[in-house]
Amino acid sequence: ETVIDRIAAGEVVERPASVVKELVENALDAGATRIEIATAGGGKTLLRITDDGCGIAPEELPLAVRRHCTSKLSDDLFDIRTLGFRGEALPSIASVARLTLRSRPAGAEAAHEIAVWNGAVEAPRPAALSRGTVVEVRDLFQAVPARLKFLKSERAEAGAITEIVRRIALAFPAVRFELTGPDRSPLVLEAGGIEARMAAILGADFAGNAIALDASREGVRLTGHVGLPTFNRGNALHQFAYVNGRPVRDKMLASALRAAYADVMARDRHPVAVLFIEIDPADVDVNVHPAKADVRFRDGGLVRGLLIGAIRQALSGAGI
Ligand code: ADP
Ligand code: MG
Numbered sequence: 008e009t010v011i012d013r014i015a016a017g018e019v020v021e022r023p024a025s026v027v028k029e030l031v032e033n034a035l036d037a038g039a040t041r042i043e044i045a046t047a048g049g050g051k052t053l054l055r056i057t058d059d060g061c062g063i064a065p066e067e068l069p070l071a072v073r074r075h076c077t078s079k080l081s082d083d084l085f086d087i088r089t090l091g092f093r094g095e096a097l098p099s100i101a102s103v104a105r106l107t108l109r110s111r112p113a114g115a116e117a118a119h120e121i122a123v124w125n126g127a128v129e130a131p132r133p134a135a136l137s138r139g140t141v142v143e144v145r146d147l148f149q150a151v152p153a154r155l156k157f158l159k160s161e162r163a164e165a166g167a168i169t170e171i172v173r174r175i176a177l178a179f180p181a182v183r184f185e186l187t188g189p190d191r192s193p194l195v196l197e198a199g200g201i202e203a204r205m206a207a208i209l210g211a212d213f214a215g216n217a218i219a220l221d222a223s224r225e226g227v228r229l230t231g232h233v234g235l236p237t238f239n240r241g242n243a244l245h246q247f248a249y250v251n252g253r254p255v256r257d258k259m260l261a262s263a264l265r266a267a268y269a270d271v272m273a274r275d276r277h278p279v280a281v282l283f284i285e286i287d288p289a290d291v292d293v294n295v296h297p298a299k300a301d302v303r304f305r306d307g308g309l310v311r312g313l314l315i316g317a318i319r320q321a322l323s324g325a326g327i
């Protein structure tokens, strides 16, 4: 089991930031409204994610770290509405780190915790926690030197963690995020609306002048904001795209953005954009890679056309 988990871990857990992504998504799936992320040593020494979500019952704690044990999988793999669905993250992480899971569901009399180390799962024991879940990951990859070697400096890994938290947080403005620990000065994102969250993450100058999008085509809905052509960047790092709330990276979306701005922006510049695409889960495959940043639309042309049309219309509506 540990060997299989370590192979899976190579897919799911590339670096500390990918662990943070999985654990924050679990917290969101659990309905958390406050998520605290603490890191030390660029996440190599410590990652601790604390949430106020639904929690895990003591008898389910050992199941949560078992391979392919997920409470989320529906009959149809393509009908995926929660962020997690593979039941791979916790066992994968546990196979390459020391994992502690402490939880207390609402209404439970006490909290319980389990520790997993070297594939051995301890029996749940009572712990102290008022509610929600705390997942602690220590010494990531310390037992897998080949993987440790590929990590960047603590500073770079800490930076990648900040980036993934910002990316996820932008899609969940109603959730309070706090990123703390010796790696950085704290990043606190208070719960609020999308405008305030955009201002906190992309700057008030973007949020204050961005053009709102809201368009639909054949059941696909696009909302979000795009920047004025004058508000452009030298790279595409300021383009945030989400499919059904899930952060995605997609060449087609980037190229659609480029096409939409082709007449009003220099070729080597990149627009700033926040794009939320809501689509029937049956029409998109988020299953391309376990890290789940890639998507494949069943009808890419439809999504591309929607994007380009909506952005051009929004720009011309703004007199551009
Ligand atoms: P998946 O998210 O794909 O279901 P994971 O390995 O990430 O798989 O998590 C396994 C299971 O553990 C989840 O299905 C869920 O039941 C439980 N779980 C994990 N993290 C949390 C959390 N923060 N709060 C509540 N339940 C959790
Ligand atoms: Mg998960």
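Residue numbering for the sequence shown is 8 to 327, as defined by UniProt numbering. Beta carbons: idealized from backbone N, C-alpha and C, even for Gly.
Asked	Found
Residue from VAL31, GLY312 and PHE179 whose Cα sits closest to the Cα of VAL281	PHE179
Check: GLU21 C-beta below 7 Å from any heavy atom of the ligand MG	no
Delimiting residues of the alpha helix (DSSP H) encompassing ILE208	201–209
GLU170 to PHE238 span [Cα, whole Å]	20 Å
Beta-carbon contacts of ARG224 that lie in its chain and below 6 Å, excluding the five residues immediately before and after	LEU313
C-alpha distance - VAL302 paired with ASP146, whole-angstrom precision	31 Å
Which residues DSSP lists as bridging SER223, in chain order	ARG228
Stretch pair the segment 158–166 + the segment 56–69: three plus CB contacts closer than 8 Å	no
Cβ-based burial, ASP83 [other Cβ within 10 Å; buried from 16]	Unreliable placement is indicated for ASP83, whose pLDDT of 48 sits below 50; no coordinate value is reported for it.
Start and end residues, beta strand (DSSP E) containing THR140	139–145
Cutoff 8 Å; reference ALA24; Cβ partners in own chain excluding five residues on either side	GLY50, GLU164, ALA167, ILE168, GLU170 and ILE171
DSSP state of GLU197 mapped onto helix, strand, coil	coil
One or two residues paired with ASN239 in a DSSP bridge	PRO278
The segment 209–224 in contact with the segment 259–271 per 3-pair CB rule at 8 Å	no
Enclosing alpha helix (DSSP H) for GLN320 [first to last residue]	307–324
Segments assigned beta strand (DSSP E), at least 3 residues, entirely inside the segment 23–82	41–47 and 53–58
Alpha helix (DSSP H) segment containing ASN260, residue limits	According to the sequence shown, residue 260 is Leu rather than Asn. Segment 258–268, the alpha helix (DSSP H) holding LEU260.
Inter-residue spacing [alpha-carbon to alpha-carbon] between GLN246 and GLU185	22 Å
Through-space distance from ALA153 to ARG22, alpha-carbon basis	12 Å
beta-carbon ASN33 near the ligand MG non-hydrogen atom, thresh 7 Å	yes
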